[in-house]
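Protein chains in written order, with our numbering: chain A, 169 to 507; chain B, 169 to 507.
Using N, Cα and C, we set each Cβ at its ideal position, and we do this for glycine too.
Since the structure is predicted, the reported quantities are computational estimates derived from the model, not experimental observations.
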């Protein structure tokens, strides 16, 4: 029983709640015997959903929360007022150490604000970045920060680089991950004021494998493992990635259906094509952790289906097993001494 | 003869100079009888290249320039020191009104700096943005600014919105173009300091069809005709567009070649697929104009081939015919009075 990791899941968050959320939790406990899930939300609704499945009942528990934070609600106010919302109740479980992690597909703002306010940052961490994995030709890269706190300072970016390196090395398993800063040219003297200030700081960090600037065109080819940027830029990259991939895939499908000849070709080629495109499907990589907090908070896409929820839950387990929070705490301090 | 438009072309600029540049010029004068090209560069080299073709010799002229600015050279210094470089010589032709436009696939920095310094900005224009057309599901959108001057002010972005609207309406032919500002959420209160400051200013402009914020994920679907952003963000969007499209297309091709069955399918589907992907080929849309200058300067991609050079030359003609510079000058003033 000692090895069981307990993950709280927001049963009410996201476009497909509670149906896909509950399904994902059931799949997670069926796939891994070392996982227990606390489904946080409206008890009747969640319980009704659970009756659809057969699963090890001792490893899914419903934690009642009578309120729901909607995506459109101003986050700070929502966190303050809705004390019995699924997000607030679950974040308190994280804070109190009753769970090893929390997964939500709900309001990004509420999860980000609540994570910082309720769970709290590790001592020494200036800002908690949201760091999703994005698909590349070589595998995945960590894009850090895609959170809601824009207009970062250079010291924030340096910490992002450290936290991202730890995550990629210990959760994703890439030794000595290559770190790059998003820039509009490869040369050190290029960039906006923030990048120009941050570049020499990253270069000085002996604990970071800094490879210099990365232009956005080189991100999809996987030239860096950790891609550091300010949250506004990170959001633009993440969302353009999603939008462009789905637009291109749509355009390609339409093209394949345009002639009889191409339709026949498509029928033959589709299985192989689907396998390839799956590699560029962001949902396969689980959710984005909010790094630098005293406990683990994972935000998954609002449109998450069961598969993404399941993967995010499993991601929590690796995170806990590798003691990422502990490593960040140790490294943030080591880093500061090195400089 | 009055209707002939004269376009200077940098024979020495870009990865494929002078071969593809000269070829593009020959194709342009063959396609359109109202175009004359001045090929600026090392006279011997250009002349030797021209002997490969038969073309109306009265409509291609070689203008000698003994120096070449390399992409890696610091732009300001290069423009100052290399007075007889193809870029400087051609920009002087623009300034003196001897040509109707200038096309270069050479050093972006040198073209941008040289354009502002040698040709000069229209009175009232605070900053000259580089505005490429990017492919979308519906056609094209203008991404403004992708230039080298980062850390813009809100008044710059408002002018970009005006200049971009004029360009899209009169060169691309989209009546009352929809203008959006790149943001990390749809709500007015979201964004970084710059966007929050600019949003209400754009909303007040009666001469702009401002539709609000656009998230990067909605850019490829073509929801806005003019996409306003600061140059750092614009560069990231433009380059991620290039990188992700080519990576995805590569990944798809590899996928199609992975099994015998899919190979046969690919052979059947490829012609239709190629047509579709062509619509997402940025090179079809010519180069990016540097808007707000007293004359027309068009920067094409460094990897431009003959087709892109030809399209950029033809773009210069529309620009001149529609008197875009005149319209910008009139509108920048009207706009200032409106506010």
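Going residue by residue through the segment 175-263 of chain A, where are the continuous beta strand (DSSP E) segments of at least 3 residues, counting only ones entirely within it? For the segment 175-263 of chain A, whole beta strand (DSSP E) runs of length 3 or above, ordered along the chain, are 203-209, 228-232.
Please classify residue 169/A as buried or exposed, where buried requires at least 16 other C-beta atoms within 10 Å of its C-beta. In this prediction, residue 169/A has a pLDDT of 47, which is less than 50 and means its spatial position is unreliable; nothing more can be read from the coordinates.
Using the beta-carbon of each residue, which ones in chain A are nearer than 9 Å to residue 491/B? The contact set of residue 491/B on chain A, defined by CB atoms closer than 9 Å, is empty, because the minimum CB distance reaches about 32 Å.
Buried or exposed for residue 219/B, going by 16 or more other Cβ atoms inside 10 Å? Exposed: under 16 other Cβ atoms inside 10 Å.
Would you tell me roughly how many angstroms separate the C-alpha atoms of residue 231/B and residue 177/B, rounded to the nearest one? Cα to Cα, residue 231/B sits roughly 10 Å from residue 177/B.
Just tell me which of 461/B, 416/B, 247/B, 300/B has its CA closest to the CA of residue 397/B. It is 300/B.
Would you report the Cα separation of residue 422/B and residue 430/B, rounded to the nearest angstrom? Each residue's Cα considered, the two are about 10 Å apart.
Backbone secondary structure at residue 499/A - three-state DSSP: Helix at residue 499/A.
Is it right to say residue 224/A is buried, meaning 16 or more other beta carbons lie within 10 angstroms of its own, or is it exposed? With fewer than 16 Cβ atoms within 10 Å of its Cβ, residue 224/A is classed as exposed.
Compute the Euclidean distance between the alpha carbons of residue 507/A and residue 293/A, then round it to the nearest angstrom. Only weak support is given to the placement of residue 507/A: the predicted model assigns it a pLDDT of 39, under 50, and the question is left unresolved by the model.
Range of the contiguous alpha helix (DSSP H) that encloses residue 439/A: Bounds of the alpha helix (DSSP H) holding residue 439/A are 428-446.
The segment 409-429 of chain B: which residues have C-beta closer than 7 Å to a C-beta of chain A, in chain order? From the segment 409-429 of chain B, only 409, 410, 411, 412, 413, 415, 416, 419, 420, 422, 423, 424, 426, 427, 429 have a Cβ closer than 7 Å to chain A.
In this structure, how does DSSP classify residue 413/B when only helix, strand and coil are distinguished? Three-state DSSP puts residue 413/B in a helix.
Output needed for residue 196/B: all residues of its chain with C-beta closer than 7 Å, excluding positions within five of it in sequence on either side, in chain order. So the list reads 203, 205, 478, 481, 482, once near-sequence residues are dropped.
Which whole-angstrom value describes the C-beta separation of residue 309/A and residue 390/A, a residue pair presumed to lie in contact below a C-beta threshold of 8 Å? Correct: roughly 6 Å between the Cβ atoms.
Name the residues in the segment 171-187 of chain B whose C-beta lies less than 7 Å from a C-beta of chain A; which are they? Within the segment 171-187 of chain B, no residue qualifies.
Residue 363/B (DSSP reduced to helix, strand or coil): DSSP places residue 363/B in helix when its eight states are reduced to three.
Interface positions of the segment 374-396 of chain B facing chain A (Cβ-Cβ less than 8 Å), listed along the chain: Answer set for the segment 374-396 of chain B: 383, 384, 385, 386, 387, 388, 389.
For residue 245/A, is the classification buried or exposed, using 16 other Cβ atoms within 10 angstroms of its Cβ as the cut-off for buried? Burial is judged here by how many other beta carbons sit within 10 angstroms of a residue's own beta carbon; residue 245/A has fewer than 16 and is exposed.
Counting C-beta neighbours from all protein chains within 10 Å, is the total for residue 366/B 16 or more, i.e. buried, or is it exposed? Burial call: buried.
Is it the case that the Cβ atoms of residue 303/A and residue 487/A are separated by a distance below 8 Å? Residue 303/A places its beta carbon 8 Å or farther from that of residue 487/A.
Quick check on residue 423/B: does DSSP put it in helix, strand or coil? In the structure shown, the three-state DSSP call for residue 423/B is helix.
How long is the line joining the alpha carbons of residue 222/A and residue 461/A, rounded to whole angstroms? Taking the straight line joining both Cα atoms gives about 35 Å.
Taking the continuous alpha helix (DSSP H) assigned at residue 298/A, which residues delimit it? Careful: residue 298/A lies outside any alpha helix (DSSP H) and carries neither H nor E.
Which residues in the same chain as residue 259/B place their Cβ atom closer than 6 Å to its Cβ, once the five residues preceding and following it in sequence are excluded? Leaving aside the five residues that flank residue 259/B on each side, the residues in its chain whose CB is nearer than 6 Å to its CB run, in chain order, 282, 286, 287.
Nearest-angstrom beta carbon gap, residue 350/B and residue 404/A [assumed within contact, 8 Å]: The pair is a contact, with the Cβ atoms about 6 Å apart (cut-off 8 Å).
Supposed contact pair residue 459/B and residue 467/B - C-beta distance, whole angstroms, cut 8 Å: Rounded, the Cβ-Cβ distance is 11 Å, inconsistent with contact.
For residue 376/B versus residue 330/B, is the C-beta distance shorter than 8 Å? Yes, these two residues count as a Cβ contact at 8 Å.
I'd like the list of long-range same chain contacts for residue 323/B, defined as Cβ closer than 7 Å, with 5 residues on each side in sequence excluded. Cβ neighbours of residue 323/B within its own chain (closer than 7 Å, five residues either side excluded): 294.
Nearest-angstrom Cα separation, counted from residue 456/B out to residue 362/B: Their Cα atoms are separated by approximately 24 Å.
Spatial distance of residue 503/A from residue 371/A (CA atoms): Below a pLDDT of 50, predicted positions are generally treated as unreliable, and residue 503/A, at 48, falls in that range; no measurement from the model is reported.
Counting only Cβ pairs nearer than 7 Å, list the residues of chain A close to residue 432/B. Within chain A, the residues near residue 432/B are 436.
For the alpha helix (DSSP H) holding residue 474/B, just list the boundary residues, first then last. That run of the alpha helix (DSSP H) goes 474-489.
Whole angstroms are fine: how far does the CA of residue 277/B sit from the CA of residue 238/B? So the two alpha carbons sit approximately 10 Å from each other.
Quick one: using the 10 Å Cβ neighbour count with 16 as the cut-off for buried, is residue 313/A buried or exposed? Here residue 313/A is buried. Its C-beta has 16 or more other C-beta atoms within 10 Å.
With C-beta atoms as the reference, is residue 393/B less than 8 Å away from residue 411/A? Taking 8 Å as the Cβ cut-off, residue 393/B and residue 411/A do not qualify as a contacting pair.
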